[in-house]
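Q: Here's a structure for you.
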Amino acid sequence: MSNLIHTRLEENFRASNPAQGPLSDFSARSWADFQTYGIPPVKHEEWKYARVSALFRDDLQLPISIPAVTAADIDAHRLPGHETATELVFINGHFVPSLSTIRHAETDLMIAPLSEAAAGADAAFIAANLGHSAAYHPDGIQALNGAFAGAGVFIRARRGKQIEQPVYIYLISDSRTGFIFSQPRSLVHVEAGAALQIAEHYITLGGQESFTNEVFELVAEQNALVDYYKIQHEGSTANHVGTTHIRQTGKCVTNAVTISLSGALVRNNLNMIMESEHGESHMYGLSLLNGKTLVDNHTIVDNVKPHCFSNELYKAIMDEESTGVFNGKIFVRKDAQKTNAYQSNKNILVGERSAANTKPQLEIFADDVKCSHGCTIGRLDEESLFYLRARGLSEQNARSLLLHAFAVDILDKIKWEPLRQHVDALISERLQFEI
Amino acid sequence: MLKIENLHAGIEEKEILKGINLEIKAGEVHAIMGPNGSGKSTLASVLAGRDQFEVTEGSVSFMGKDLLDMAPEERAREGMFLAFQYPVEIPGVSTTNFIKTAVNETRKHRGEEPLDAVSFLKLMKEKMKLVQIDQALLSRSLNEGFSGGEKKRNEIFQMAMLEPKLAILDETDSGLDIDALRIVANGVNQYRNSENAFLLVTHYQRLLDYIVPDYVHVLYNGRIVRSGTKELALELEAKGYDFIKNEVDAISQD
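First to last, the sequence lines map onto chains E and A. Residue 175 in this note's numbering sits at position 175 of the first sequence; the count goes up by one each step and never skips. So the mapping is simple: this note's numbering equals the position in the second sequence, first residue as 1, plus 435.
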């Protein structure tokens, strides 16, 4: 990172962070961490494929003010079923209430700018939970987001509320004036007994490069049910670093599905922190890549308490010159006896110059646990291809059918049907199945 | 319908088929028998277009066209069907979905409109009866967890759906119990007519009790060494392949 960009970030930080604000302590601490750690260099083990340092170029534009984006600009990108969903809009990292539409009752769902919530009755909750992910990511890029957290959003699903309609979060980068840097931040509180579906959808307006550095933190309490979806389908010049941090503070079920379909450099961190006995978590990922896209999925399951169950399945199809990376960490702490943790990563290389890098990383300190991991990297099965062609399917359709079949068990984990259909349509279109 | 002339084929440097000549006309059922390693399955694979085999000499014409010039899918669309000895399992693809695509690609090739959902279902129901296959089985992932008999019945069901002119049945009887064998044979017999033809590749005479061939050929060492009618199969069953091997080996030593 050049001195110029560092100086501009510092100016930006000073300008956006008045010393009296309710999040000033957190921001100041994050800024100090950023100074300490710096942006991860290429030689950093956790960042050797996702070379983020190269993105901090002199032409990176910092979001000094919120540009004029209209509801019409967003219309083309809304997710299906949005008419009955709550739609929250971020522009260049800033939560924008005026473009957001809350369709849930206030008694079910509370939504407020993070800085506002931190100034009110939720100050203590936010102070205790905001930045919980930092300990898992001791690096400058995570810290840099924290320094600008004041522009984020706070969401609460209220106790016992079974919220059927989803919350859609549109994270928009307006690159119409250049290579824009956005740092959205969300903190979600799913209270005891509440059920919430939440989907994050990333959008770049304009054809220029963009760079999003996001942190999404969620706290799930006793008997909560959380379905979290992350859908990436931006242009080929969109860069993304995101951390999704899901923490179970009571016995509950949390599911996460990460779908990556395009971008330049995409890094998804997903953490499941199992802090309560008998917690259950599911983590699914699907990458369908082409061009020179690099998608790096780093997952962490931290088993703090005993008797937890986690299941992880990540699949990737790499075409052309794309690269897929999977790094799956499972920690089983000394007290977390009777942990059941499963992990599987499957890759199909389609492109002659595509690549897959996969690394399971299990650190187990308890002695009575069941943990498994496995990975495969291969090409499409020739015998299956021949079988389908021998029935009259074109080679293209045979390939499409097999690749779709490979992806379908992840697609089926999207329980919100309009969203599943949407993602299925995007995948089928990419695979060019035709009659 | 099918004319094979002096066909030589092999895999890598090894020659397996060493000059096959065979003609099959509409309405005929031919059986190819032979000991293990004689080249029976290679012949079926070469005809269907499996690309690990290389044809080094000879020609094959199918419905007057050069078969060897066609991709596997073109052969299928022109009316050739291979029932696999080992049908593949494909998780995530249902038979229903895939056979619909196959039927419609073939129809498109013939310049016909794709079948709508109702006509497709009607056709499927009709063909399902032929091999006593269940709708639930066809909605499941293709062949995944199917028994040997279910897989072979699924092959014959697909054949009936695609209505080929020439069906090659590669050891369809292997791994079948007697009831499944009857069901499969019954499906074939019902589909059999004066317009189409069959090439049965089999190791045992047993299948030919149920599907009665017009001609029987014995393949040995990559050549057809004896042709005859169905009585030849019975003779083989009684004497074993050794009598043919001895005969052929004696001649080639002369």
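We put the CB at the ideal spot given by N, CA and C, even for glycine. A quick note: this is a predicted structure, and the numbers were derived from the prediction, not measured.
1. Quick one: is S687 (chain A) buried, meaning 16 or more other Cβ sit within 10 Å of its Cβ, or exposed?
2. With a cut-off of 9 Å, does the C-beta of F516 (chain A) fall near any C-beta of chain E?
3. Please state whether DSSP places G38 (chain E) in a helix, a strand or coil.
4. Comparing C-alpha positions only, which one of A:M468, A:G584, A:F497, A:N539 sits nearest to Y521 (chain A)?
5. Reducing DSSP to helix, strand and coil, say where N268 (chain E) ends up.
6. Output yes or no for whether 9 Å exceeds the beta carbon distance between N357 (chain E) and V325 (chain E).
7. Taking CB distances under 9 Å as the criterion, tell me whether L402 (chain E) reaches chain A.
8. With 8 Å as the limit, tell me which residues of the segment 373 to 394 of chain E have their beta carbon closer than that to any beta carbon of chain A; keep them in chain order.
9. Take A461 (chain A) as the anchor and find which of A:L642, A:L597, A:R627, A:F516 has the nearest alpha-carbon.
10. From the DSSP output, which residues share a beta bridge with Y136 (chain E)?
11. Starting from L604 (chain A) and walking both ways along the beta strand (DSSP E), at which residues does that stretch end?
12. Determine, for D424 (chain E), whether the minimum Cβ-Cβ distance to residues of chain A falls below 9 Å.
13. For V188 (chain E) and N3 (chain E), what's the separation of their Cα atoms in angstroms?
14. On the DSSP bridge list, what partners appear for I659 (chain A)?
15. Taking 8 Å as the threshold, find out whether the segment 465 to 479 of chain A comes into contact with the segment 631 to 638 of chain A through three or more Cβ pairs.
16. Alpha carbon to alpha carbon, how far is G206 (chain E) from L99 (chain E)? Give it in angstroms, no decimals.
17. Assuming N92 (chain E) contacts S182 (chain E) under a Cβ cut-off of 8 Å, what Cβ separation, rounded to an integer in Å, is found between them?
18. Can you find a C-beta in chain E that's less than 9 Å from the C-beta of P648 (chain A)?
19. Please report the Cβ distance between A149 (chain E) and L23 (chain E), rounded to the nearest whole angstrom; I am assuming they are in contact, meaning their Cβ atoms lie under 8 Å.
20. Leaving out five residues before and five after L573 (chain A) in sequence, what residues of the same chain have Cβ atoms less than 6 Å from its Cβ?
21. Write down the C-beta distance between R333 (chain E) and N303 (chain E) rounded to the nearest angstrom, noting that I regard them as a contact closer than 8 Å.
22. Verify the CB distance criterion: does A316 (chain E) have a CB-CB separation below 9 Å to chain A?
23. Is E277 (chain E) near C252 (chain E), with beta carbons less than 9 Å apart?
24. What does the alpha-carbon distance come out to for the pair G374 (chain E) and N345 (chain E)?
25. Please identify, using Cβ separations under 8 Å, the residues of the segment 335 to 365 of chain E that lie next to chain A, in order along the chain.
26. I198 (chain E) by DSSP, collapsed to three states: which one?
27. For the alpha helix (DSSP H) containing E561 (chain A), name the first residue and the last one.
28. Consult DSSP for V647 (chain A) and reduce its assignment to one of helix, strand or coil.
29. Name the residue from A:H443, A:I451, A:N456, A:A479 whose alpha carbon lies nearest to the alpha carbon of L604 (chain A).
30. Is the Cβ of P470 (chain A) closer than 9 Å to any Cβ of chain E?
31. Of the residues that make up the segment 457 to 487 of chain A, which ones have a beta carbon closer than 8 Å to any beta carbon in chain E?
32. A615 (chain A): which of A:N631, A:N656, A:K587 sits nearest, CA to CA?
33. Would you kindly check if the distance between the Cβ of T204 (chain E) and the Cβ of A157 (chain E) is under 9 Å?
34. Using a Cβ cut-off of 9 Å (strictly closer), state whether L669 (chain A) contacts chain E.
35. With DSSP collapsed to three states, give me the class of L261 (chain E).
36. Can you list the residues of chain E that T536 (chain A) reaches, using a CB-CB cut of under 8 Å?
A: To lay it out plainly:
1. Residue 687 (chain A) sits at position 252 when you count from the first residue of the second sequence. Exposed, by the Cβ-count rule.
2. For the purposes of this step, residue 516 (chain A) is identified with residue 81 of the second sequence, where counting begins at 1. Chain E contact via Cβ: present.
3. Your numbering for residue 38 (chain E) matches position 38 in the first sequence. Residue state, collapsed to three classes: coil.
4. To locate residue 521 (chain A), count along the second sequence from 1; it is residue 86. Minimum Cα distance to Y521 (chain A) is reached at A:G584.
5. Along the first sequence, read from residue 1 onward, the residue named residue 268 (chain E) stands at position 268. Strand at N268 (chain E).
6. For the purposes of this step, residue 357 (chain E) is taken as the residue at position 357 of the first sequence. For the purposes of this step, residue 325 (chain E) is taken as the residue at position 325 of the first sequence. Yes, the Cβ-Cβ distance between N357 (chain E) and V325 (chain E) is below 9 Å.
7. As a working mapping, residue 402 (chain E) is identified with position 402 in the first sequence. Yes, because at least one Cβ of chain A sits closer than 9 Å to the Cβ of L402 (chain E).
8. D381, E383, S384, F386, Y387, L388, R389, A390, R391, G392, L393, S394
9. The sequence position of residue 461 (chain A) within the second sequence is 26, counting from 1. It is A:R627 whose Cα lies nearest to the Cα of A461 (chain A).
10. Position 136 of the first sequence, counted from the start, is the residue given in the question as residue 136 (chain E). Bridge partners of Y136 (chain E): none, in fact.
11. On the second sequence, residue 604 (chain A) is found 169 positions in, with the first residue counted as 1. Where L604 (chain A) is concerned, the enclosing beta strand (DSSP E) stretches over 601 to 605.
12. Translated into the one-based positions of the first sequence, residue 424 (chain E) becomes position 424. No, D424 (chain E) lies away from the interface with chain A (no Cβ there is under 9 Å from its Cβ).
13. As a position in the first sequence, residue 188 (chain E) is number 188, starting the count at 1. As a position in the first sequence, residue 3 (chain E) is number 3, starting the count at 1. Answer to the nearest angstrom: the Cα atoms are 35 Å apart.
14. For the purposes of this step, residue 659 (chain A) is taken as residue 224 along the second sequence, with counting starting at 1. DSSP, once it has assigned bridges, lists A:L654 as partnering I659 (chain A).
15. yes
16. For this step, residue 99 (chain E) is matched to residue 99 along the first sequence. For this step, residue 206 (chain E) is matched to residue 206 along the first sequence. Looking at the backbone, the Cα of L99 (chain E) and that of G206 (chain E) are separated by about 18 Å.
17. Your numbering for residue 92 (chain E) matches position 92 in the first sequence. Your numbering for residue 182 (chain E) matches position 182 in the first sequence. Between N92 (chain E) and S182 (chain E), the beta carbon gap of about 5 Å places them in contact (Cβ cut-off 8 Å).
18. By one-based count along the second sequence, residue 648 (chain A) stands at place 213. It does not; no Cβ of chain E falls within 9 Å.
19. To locate residue 149 (chain E), count along the first sequence from 1; it is residue 149. To locate residue 23 (chain E), count along the first sequence from 1; it is residue 23. Right, the Cβ-Cβ distance comes to about 6 Å (below 8 Å), so this counts as a contact.
20. On the second sequence, residue 573 (chain A) is found 138 positions in, with the first residue counted as 1. T530, T531.
21. Counting from one through the first sequence, the residue named residue 333 (chain E) turns up at place 333. Counting from one through the first sequence, the residue named residue 303 (chain E) turns up at place 303. R333 (chain E) to N303 (chain E), Cβ: 6 Å. Contact.
22. Counting from 1 along the first sequence, the entry for residue 316 (chain E) is found at position 316. Not one chain A Cβ lies under 9 Å of A316 (chain E).
23. The residue given as residue 277 (chain E) occupies position 277 in the first sequence. The residue given as residue 252 (chain E) occupies position 252 in the first sequence. For E277 (chain E) and C252 (chain E), no; Cβs fall outside 9 Å.
24. Stepping through the first sequence from its first residue, residue 374 (chain E) is reached at position 374. Stepping through the first sequence from its first residue, residue 345 (chain E) is reached at position 345. Distance between the alpha carbons of G374 (chain E) and N345 (chain E) is about 6 Å.
25. none
26. To locate residue 198 (chain E), count along the first sequence from 1; it is residue 198. DSSP places I198 (chain E) in strand when its eight states are reduced to three.
27. Within the second sequence, the letter at position 126 stands for residue 561 (chain A). Taken as a continuous stretch (DSSP letters only), the alpha helix (DSSP H) holding E561 (chain A) covers 552 to 565.
28. The count along the second sequence starts at 1 and reaches residue 647 (chain A) at position 212. DSSP places V647 (chain A) in coil when its eight states are reduced to three.
29. Position 169 of the second sequence, counted from the first residue, corresponds to residue 604 (chain A). Minimum Cα distance to L604 (chain A) is reached at A:A479.
30. Translated into positions along the second sequence, residue 470 (chain A) becomes position 35. Chain E contact via Cβ: absent.
31. A483, G484, R485, D486
32. Position 180 of the second sequence, counting from 1, holds the residue named residue 615 (chain A). Residue A:K587 is the option with its Cα nearest to A615 (chain A).
33. Mapped onto the first sequence, residue 157 (chain E) falls at position 157. Mapped onto the first sequence, residue 204 (chain E) falls at position 204. Contact flag unset, no.
34. In the second sequence, residue 669 (chain A) corresponds to position 234, counting from 1. It does not: the Cβ of L669 (chain A) has no partner Cβ on chain E nearer than 9 Å.
35. Reading the first sequence from its first residue, position 261 is the one you call residue 261 (chain E). Correct three-state label for L261 (chain E): coil.
36. Taking the first residue of the second sequence as 1, we reach residue 536 (chain A) at position 101. The answer, in chain order, is L393, N397, L401, I435.
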